[in-house]
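This report concerns only the one structure given below.
Protein chains: 2
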Amino acid sequence: MNGADRLCETLLANDIDVCFANPGTSEMHFVAALDRRPQMRCVLGLFEGVVTGAADGYARMADKPAATLLHLGPGLANGLANLHNARRARTPMINVVGDHATYFLKHDAPLASDIDSLARPMSQWYGRIGRAEEVEAKTLEAYEAAMRLPGVATLVLPADAAWGELPAGAPPRRASLPPFRSVTPEAVRQAAETLRSGRRVALLLTGRALRADALATADRIAAATGARLLMQTSNSRVERGAGRVAIDNVPYPVDAALAALADIDAMIVVGAKVPVAFFAYPGKPGLLVREDCEIVDLARPGDDLAEALAWLADEIGVAAEAAVRVSRGFTDEMALPGGTLTDDAVALAVARMLPEGAIVCDESITAGARFFGLSQDSAPHDYLRITGGSIGIGIPLAAGAAVACPDRKVVALQADGSGMFTVQGLWTQARERLDIVTVVFANRSYAILEGEMRNVGVNHFGRNAERMLTLDDPALDWVSMARGMGVEAGRAETVEDFVRLFDGALRQRGPFLIEAVV
Amino acid sequence: MNGADRLCETLLANDIDVCFANPGTSEMHFVAALDRRPQMRCVLGLFEGVVTGAADGYARMADKPAATLLHLGPGLANGLANLHNARRARTPMINVVGDHATYFLKHDAPLASDIDSLARPMSQWYGRIGRAEEVEAKTLEAYEAAMRLPGVATLVLPADAAWGELPAGAPPRRASLPPFRSVTPEAVRQAAETLRSGRRVALLLTGRALRADALATADRIAAATGARLLMQTSNSRVERGAGRVAIDNVPYPVDAALAALADIDAMIVVGAKVPVAFFAYPGKPGLLVREDCEIVDLARPGDDLAEALAWLADEIGVAAEAAVRVSRGFTDEMALPGGTLTDDAVALAVARMLPEGAIVCDESITAGARFFGLSQDSAPHDYLRITGGSIGIGIPLAAGAAVACPDRKVVALQADGSGMFTVQGLWTQARERLDIVTVVFANRSYAILEGEMRNVGVNHFGRNAERMLTLDDPALDWVSMARGMGVEAGRAETVEDFVRLFDGALRQRGPFLIEAVV
Numbered sequence: 095m096n097g098a099d100r101l102c103e104t105l106l107a108n109d110i111d112v113c114f115a116n117p118g119t120s121e122m123h124f125v126a127a128l129d130r131r132p133q134m135r136c137v138l139g140l141f142e143g144v145v146t147g148a149a150d151g152y153a154r155m156a157d158k159p160a161a162t163l164l165h166l167g168p169g170l171a172n173g174l175a176n177l178h179n180a181r182r183a184r185t186p187m188i189n190v191v192g193d194h195a196t197y198f199l200k201h202d203a204p205l206a207s208d209i210d211s212l213a214r215p216m217s218q219w220y221g222r223i224g225r226a227e228e229v230e231a232k233t234l235e236a237y238e239a240a241m242r243l244p245g246v247a248t249l250v251l252p253a254d255a256a257w258g259e260l261p262a263g264a265p266p267r268r269a270s271l272p273p274f275r276s277v278t279p280e281a282v283r284q285a286a287e288t289l290r291s292g293r294r295v296a297l298l299l300t301g302r303a304l305r306a307d308a309l310a311t312a313d314r315i316a317a318a319t320g321a322r323l324l325m326q327t328s329n330s331r332v333e334r335g336a337g338r339v340a341i342d343n344v345p346y347p348v349d350a351a352l353a354a355l356a357d358i359d360a361m362i363v364v365g366a367k368v369p370v371a372f373f374a375y376p377g378k379p380g381l382l383v384r385e386d387c388e389i390v391d392l393a394r395p396g397d398d399l400a401e402a403l404a405w406l407a408d409e410i411g412v413a414a415e416a417a418v419r420v421s422r423g424f425t426d427e428m429a430l431p432g433g434t435l436t437d438d439a440v441a442l443a444v445a446r447m448l449p450e451g452a453i454v455c456d457e458s459i460t461a462g463a464r465f466f467g468l469s470q471d472s473a474p475h476d477y478l479r480i481t482g483g484s485i486g487i488g489i490p491l492a493a494g495a496a497v498a499c500p501d502r503k504v505v506a507l508q509a510d511g512s513g514m515f516t517v518q519g520l521w522t523q524a525r526e527r528l529d530i531v532t533v534v535f536a537n538r539s540y541a542i543l544e545g546e547m548r549n550v551g552v553n554h555f556g557r558n559a560e561r562m563l564t565l566d567d568p569a570l571d572w573v574s575m576a577r578g579m580g581v582e583a584g585r586a587e588t589v590e591d592f593v594r595l596f597d598g599a600l601r602q603r604g605p606f607l608i609e610a611v612v
Numbered sequence: 095m096n097g098a099d100r101l102c103e104t105l106l107a108n109d110i111d112v113c114f115a116n117p118g119t120s121e122m123h124f125v126a127a128l129d130r131r132p133q134m135r136c137v138l139g140l141f142e143g144v145v146t147g148a149a150d151g152y153a154r155m156a157d158k159p160a161a162t163l164l165h166l167g168p169g170l171a172n173g174l175a176n177l178h179n180a181r182r183a184r185t186p187m188i189n190v191v192g193d194h195a196t197y198f199l200k201h202d203a204p205l206a207s208d209i210d211s212l213a214r215p216m217s218q219w220y221g222r223i224g225r226a227e228e229v230e231a232k233t234l235e236a237y238e239a240a241m242r243l244p245g246v247a248t249l250v251l252p253a254d255a256a257w258g259e260l261p262a263g264a265p266p267r268r269a270s271l272p273p274f275r276s277v278t279p280e281a282v283r284q285a286a287e288t289l290r291s292g293r294r295v296a297l298l299l300t301g302r303a304l305r306a307d308a309l310a311t312a313d314r315i316a317a318a319t320g321a322r323l324l325m326q327t328s329n330s331r332v333e334r335g336a337g338r339v340a341i342d343n344v345p346y347p348v349d350a351a352l353a354a355l356a357d358i359d360a361m362i363v364v365g366a367k368v369p370v371a372f373f374a375y376p377g378k379p380g381l382l383v384r385e386d387c388e389i390v391d392l393a394r395p396g397d398d399l400a401e402a403l404a405w406l407a408d409e410i411g412v413a414a415e416a417a418v419r420v421s422r423g424f425t426d427e428m429a430l431p432g433g434t435l436t437d438d439a440v441a442l443a444v445a446r447m448l449p450e451g452a453i454v455c456d457e458s459i460t461a462g463a464r465f466f467g468l469s470q471d472s473a474p475h476d477y478l479r480i481t482g483g484s485i486g487i488g489i490p491l492a493a494g495a496a497v498a499c500p501d502r503k504v505v506a507l508q509a510d511g512s513g514m515f516t517v518q519g520l521w522t523q524a525r526e527r528l529d530i531v532t533v534v535f536a537n538r539s540y541a542i543l544e545g546e547m548r549n550v551g552v553n554h555f556g557r558n559a560e561r562m563l564t565l566d567d568p569a570l571d572w573v574s575m576a577r578g579m580g581v582e583a584g585r586a587e588t589v590e591d592f593v594r595l596f597d598g599a600l601r602q603r604g605p606f607l608i609e610a611v612v
């Protein structure tokens with residue numbers, strides 16, 4: 095048994111049995127150790143952004159971390175953009191980053207770099223194993239941090255700690271995970287008082303407060319007090335659709351967000367961050383609530399958000415069995431416009447046709463903007479979105495969710511510009527036979543940036559702006575790219591095409607991609 | 095005029111007229127400023143690894159930096175792996191990384207991250223602009239650092255420094271670039287003494303010491319003294335082929351490298367690093383020269399390497415017009431084996447058919463290993479290689495070299511595994527109509543890692559090792575992927591196929607990809 099074996103066993107002892115990986119030479123002992131443990135499912139990504147994005151999607155659905163295996167500083171660097179999203183989603187994840195042997199670092203070999211400096215910005219927890227004897231303790235520490243901070247834990251495994259021999263010992267410890275932190279009675283009382291104050295109050299939710307049961311509790315509180323329910327602009331996972339509570343998010347466009355929050359006198363935050371703009375704009379505020387809006391912290395990340403809501407409901411005297419206002423599902427006849435395909439037609443078709451239990455992974459950016467509103471009456475589903483604004487999460491996120499939930503259909507709504515960032519993830523979908531239908535909104539531009547250019551006063555684009563904001567020369571042929579990576583695909587140019595392809599994709603198992611030309 | 099305008103003008107005043115870009119919202123004022131200056135050529139990459147890899151290839155051939163435009167921490171993060179390669183190559187480059195407005199950072203908006211911590215590991219120079227008034231001075235500082243350290247300069251441009259208004263003023267300053275540093279007479283004397291000592295001496299070159307003229311000088315020194323000429327394992331650019339001096343590199347495999355250097359008593363380094371292994375292996379040394387090998391520093395990066403060699407030649411009394419031993423070119427008849435395609439057949443065919451003035455970008459890893467040896471008698475060409483071991487440089491490197499040298503054919507030798515890391519770069523090749531033929535060695539595995547697994551004693555791969563080291567399920571269809579991004583392509587399964595496709599690609603202009611199934 096060596097350090098790498100011990101690492102695998104410690105992960106397995108704590109129910110971590112999926113490892114998304116892109117290994118290199120410095121991780122060969124770890125690969126060999128994984129190879130000795132077929133109960134660990136190793137999933138290869140052909141680029142590390144696929145690896146980390148998939149680990150994010152997996153954990154959002156599995157409520158436990160996957161491990162990742164990343165090769166030295168550059169491999170970690172390739173995974174950082176999606177770690178940024180995972181960090182913002184507070185997704186539990188354990189990244190195992192291989193490093194050179196400790197005694198070898200002094201040589202500054204070609205692949206050496208400052209892993210610590212690279213890892214810290216995108217990790218909620220960071221640690222480095224010194225030698226094989228420390229593997230188990232450090233791995234448990236990473237696991238507890240991932241589960242309870244919660245968030246991204248990055249653990250560096252030097253090659254000599256991986257190959258270092260260990261005496262055969264007791265099996266690794268299963269971590270005695272502490273429960274999520276309870277909020278204080280004072281925080282609950284203060285929130286209750288705010289709700290009773292007669293002011294206009296919003297409850298701002300995120301994280302596990304967006305699971306169906308917690309949302310029902312929040313709705314009972316809102317119904318009893320007249321408070322408004324809101325969630326962050328971007329959230330890790332929302333349980334929604336027919337029979338569940340509908341909740342709006344804080345709008346992304348800064349003017350819309352300011353308008354939506356203008357009348358709020360007090361905001362009770364439940365694991366959430368006080369809303370701020372995504373970007374600064376000259377002459378516009380960064381804070382989206384009024385300066386005089388009172389912020390009341392009911393719960394922070396790492397607190398038991400569902401429990402906090404239940405206590406708050408209790409404090410204000412709402413019966414646990416009080417009725418909940420839920421979405422009713424689509425009641426009218428299917429009324430899709432025919433003919434030329436548009437963003438909205440795709441969004442509406444997907445919303446109407448969404449199968450029960452689907453997992454929607456949404457990186458449709460501008461093109462699918464209307465989907466969220468249209469789908470509150472869809473069949474019950476989970477909704478996963480890009481959380482940190484770092485594009486290139488969609489294809490891997492869908493892959494990870496599909497690994498976590500093999501019996502559920504994953505529907506990925508994908509903008510073309512962002513999809514290209516981790517297009518290699520389609521291959522992983524094919525290799526693992528993942529049950530995903532990817533809808534690419536092929537608008538052939540960075541549409542969001544075209545809007546932002548107009549925001550800075552540029553309405554007539556010259557050659558350089560055209561060259562940086564459009565993707566139409568040449569047009570990306572998503573059908574060819576998908577087939578090139580082993581994913582069946584079709585192109586839709588009319589609503590009828592789209593409905594036929596989407597229906598077919600829902601009826602089959604395995605990955606399918608639809609290029610929706612909009 | 096705003097800060098972004100001033101940045102563009104300062105770049106242009108210093109002959110920086112190419113900007114590889116992937117912009118985001120925080121860079122819209124910079125995009126608008128670029129759009130007002132059509133003399134700046136903006137080249138879009140659909141992923142930042144394409145952007146930074148292309149900037150590397152451009153500067154290796156242009157001997158001046160390109161600018162890059164990267165979006166915040168995550169955009170920079172996506173570009174880091176190829177910045178790692180550029181840092182190791184000491185490629186001059188100016189990365190402009192957009193950031194949130196300075197006053198907005200306190201909000202920790204979704205896309206905020208610690209850019210400083212991310213940038214420093216992969217940058218030889220790092221700076222942050224505080225406000226519009228500082229743009230010109232900081233940009234000049236970045237330029238001088240890029241040119242004279244030389245290396246990667248990363249400059250953060252906050253949105254408010256970009257949009258901050260400036261009074262119309264004098265045109266920006268052209269930097270008065272200091273010359274490359276001269277080495278000391280003492281260093282030259284010591285190197286000369288070493289060469290005269292009667293010991294077995296190697297001259298280890300890199301950087302501009304590998305241009306044809308400097309190599310000729312080095313060869314005269316070697317011929318006169320019996321010293322051996324060597325270059326680093328990986329180098330930025332080598333001028334070689336028929337009529338030029340042939341030089342071997344330090345082998346990549348550790349055992350071969352140790353054997354190659356075992357008899358060296360003294361090593362004179364010319365801009366190079368003392369050879370160390372790429373990776374540590376249990377029981378094997380990290381340093382590739384003998385412990386008692388004397389290291390003599392003739393020149394360091396940033397020194398004038400060509401001048402240092404000329405001075406050394408002068409010191410030991412070698413006439414500047416002394417004969418040079420050069421490669422003679424292929425003298426025998428074209429003798430390619432026919433039939434089934436192999437790595438070696440591809441390498442030999444490319445070496446034989448290489449057109450004069452070609453730029454070879456080599457990321458063929460294991461599959462093209464023999465090309466370097468076979469091509470010393472090819473037509474005169476430049477040879478560019480992955481320098482930092484961070485895979486995913488090949489496709490972008492070729493794109494950048496082609497932008498720098500529109501009249502030369504670029505031949506990219508590309509392993510399939512590493513090619514997938516930045517496969518999006520094919521689209522940039524198509525959009526810019528770059529004259530590149532990409533040869534993909536489709537061995538459908540991480541062949542180098544299969545070898546490394548055997549190095550750690552694993553000869554029978556189980557399911558997990560298979561799943562992490564092979565790429566054959568499903569096989570990547572490079573022809574479809576290339577066509578999907580607008581690049582013409584063909585597949586070769588026999589030598590005859592390959593020769594026909596390669597010949598056709600050489601005769602046409604524009605990008606073409608050959609999937610060589612080996």
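Just so you know, the sequences run in chain order A and B. Its first residue numbered 95, the first sequence is counted upward by one per residue in our numbering. Its first residue numbered 95, the second sequence is counted upward by one per residue in our numbering. Glycine residues also receive a C-beta, built at the ideal position from the N, C-alpha and C atoms.
Query - Residues that P252 (chain A) bridges to, as DSSP identifies them - result: A:D193
Query raised in the report: Does the stretch 337-354 of chain B come close enough to the stretch 414-421 of chain B that 3 or more CB-CB pairs lie under 8 Å?
Result: yes
Query raised in the report: Using the rule of at least 16 other Cβ atoms within 10 Å of the residue's Cβ for burial, across every protein chain shown, is S270 (chain B) buried or exposed?
Result: exposed
Query - Cβ neighbour criterion (16 or more within 10 Å) applied to I542 (chain B) - result: buried
**Report entry** For P431 (chain B), the nearest candidate out of B:W257, B:F592 and B:V550 (CA to CA)
**Finding:** B:F592
Query raised in the report: Just how far apart, CA to CA, sit P345 (chain A) and V190 (chain B)?
Result: 30 Å
Report task. Note down, in chain order, all residues in the stretch 339-373 of chain B with a beta-carbon under 9 Å from any beta-carbon belonging to chain A. Result -> K367, V368, V370, A371, F372 and F373
Requested in this report: Answer yes or no: does any C-beta atom of chain A fall closer than 7 Å to that of W405 (chain B)?
Outcome: no
Query - Element boundaries [alpha helix (DSSP H), containing T288 (chain A)] - result: P279 to L289
Query raised in the report: Between R275 (chain B) and R394 (chain A), what straight-line distance do the alpha-carbon atoms span, to the nearest angstrom?
Result: 56 Å
Query raised in the report: Rounded to the nearest angstrom, how far is the Cβ of D99 (chain A) from that of Q133 (chain A), given a contact under 8 Å?
Result: Wrong, their Cβ atoms sit about 13 Å apart, outside the cutoff.
Query raised in the report: Just the Cα atoms here: how many angstroms apart are G224 (chain B) and L174 (chain A)?
Result: 26 Å
**Report entry** Alpha-carbon spacing of I188 (chain B) relative to A247 (chain B), whole angstroms
**Finding:** 5 Å
Query raised in the report: Helix, strand or coil: how does DSSP classify T588 (chain A) here?
Result: strand
Query raised in the report: Name the DSSP bridge partner or partners of R182 (chain B)?
Result: For R182 (chain B), which the question treats as bridged, DSSP gives no partner whatsoever.
Query raised in the report: Along the chain, which unbroken stretches of the beta strand (DSSP E) at least 3 residues long are found entirely within the stretch 447-519 of chain B?
Result: 452-457, 475-479 and 504-509
Query raised in the report: Which of helix, strand or coil does DSSP assign to I123 (chain A)?
Result: For the record, residue 123 (chain A) in the displayed sequence is His; it is not Ile. If DSSP states are grouped into helix, strand and coil, H123 (chain A) belongs with the helices.
**Report entry** Selection from A:F606, A:L399, A:A524 and A:R603 that minimises the alpha carbon distance to A310 (chain A)
**Finding:** A:L399
Query raised in the report: Shorter than 7 Å from the beta carbon of Q326 (chain B) to some beta carbon of chain A?
Result: no
Query raised in the report: Relative to the alpha-carbon of R239 (chain B), which residue among B:S217, B:A255 and B:E259 has its alpha-carbon at the smallest distance?
Result: Here residue 239 (chain B) turns out to be Ala, not Arg, going by the sequence shown. Among B:S217, B:A255 and B:E259, the Cα nearest to that of A239 (chain B) belongs to B:S217.
Query raised in the report: So who's on the other strand from L298 (chain B), going by DSSP bridges?
Result: B:L324 and B:V363
**Report entry** Extent of the continuous alpha helix (DSSP H) run through V573 (chain A)
**Finding:** W572 to G578
Query raised in the report: So, helix, strand or coil for I110 (chain A), using DSSP?
Result: coil
Query raised in the report: From the beta carbon of W219 (chain B), is the nearest beta carbon of chain A less than 7 Å away?
Result: no
Requested in this report: Quick one: measure Cβ to Cβ for V137 (chain A) and E526 (chain A), integer angstroms, because I've assumed they're closer than 8 Å.
Outcome: 6 Å
Query raised in the report: When burial is assigned at 16 or more other CB atoms within 10 Å of the CB, is I389 (chain A) buried or exposed?
Result: exposed
Query raised in the report: DSSP three-state call for S539 (chain A): helix, strand or coil?
Result: strand
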